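To convert a position in the sequence shown, counted from 1, into this note's numbering, add 718.
Here a beta-carbon is modelled for each residue, glycine too, at the ideal position from N, C-alpha and C.
Quick caveat, the model's predicted, so the values are computed rather than measured.
Structure first, then comments.
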Amino acid sequence: MMGRMDDKEVLGRIDDLIAEEHELRAKATGVPGLSTAERARLADLEVRLDQCWDLLRQRRAKAEFGQDPNSAHARPADEVEHYRN
């Protein structure tokens, strides 16, 4: 999903994903709504956002406790999504 990114790059990626998510959500309220591919993309965006937020939290926690934030890594989607359930 993501190579090594610093906090600023992760936040930039989050901003990009949120912008695309907002576009799709706005389109979803119109007629004819979202296509099957767009619904799938929206679901994918939600997972990717969860992964980015998780990575950012990991990086910040490591930095707070004197560890190398670059040792944080994006967790698999199924692991990150499990946190919400």
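Going by alpha carbons, who is nearest to His740 out of Ser789, Leu767 and Asp725?
Residue numbering aside, residue 740 sits at position 22 when the sequence shown is read from its first letter. Out of Ser789, Leu767 and Asp725, Leu767 has the C-alpha closest to the C-alpha of His740.
What is the residue span of the alpha helix (DSSP H) that Asp762 lies within?
Walking along the sequence shown from the start, residue 762 turns up at place 44. That run of the alpha helix (DSSP H) goes Thr754 to Glu782.
Three-state secondary structure assigned by DSSP to Gln790:
In the sequence shown, residue 790 corresponds to position 72, counting from 1. The sequence shown places Ala at residue 790, rather than the Gln named in the question. When DSSP states are grouped into helix, strand and coil, Ala790 belongs to the coil group.
If you draw a straight line from the C-alpha of Pro787 to the C-alpha of Leu729, how long is it?
Position 69 of the sequence shown holds residue 787. Position 11 of the sequence shown holds residue 729. Going from the Cα of Pro787 to the Cα of Leu729 covers about 14 Å.
Short of 8 Å in beta carbon distance, which residues of its chain neighbour Leu760, apart from the five on each side in sequence? Order them along the chain.
Your numbering for residue 760 matches position 42 in the sequence shown. So the qualifying residues of the chain are Glu739, Leu742, Arg743, Ala746 and Leu752.
According to the neighbour-count rule (16 or more other Cβ atoms, all chains shown, within 10 Å of its Cβ), is Arg731 buried or exposed?
Stepping through the sequence shown from its first residue, residue 731 is reached at position 13. Arg731 should be labelled buried.
Please name the residue in Glu764, Glu756 and Ala781 whose C-alpha comes closest to that of Asp725.
By one-based count along the sequence shown, residue 725 stands at place 7. Here the closest residue by C-alpha is Ala781.
Once DSSP output is grouped into helix, strand and coil, what is the label at Val749?
Counted from its first residue, the sequence shown places residue 749 at position 31. Reduced to three states, the DSSP call for Val749 is coil.
Pick helix, strand or coil for Asp724, following the three-state DSSP scheme.
Counted from its first residue, the sequence shown places residue 724 at position 6. Coil at Asp724, not helix or strand.
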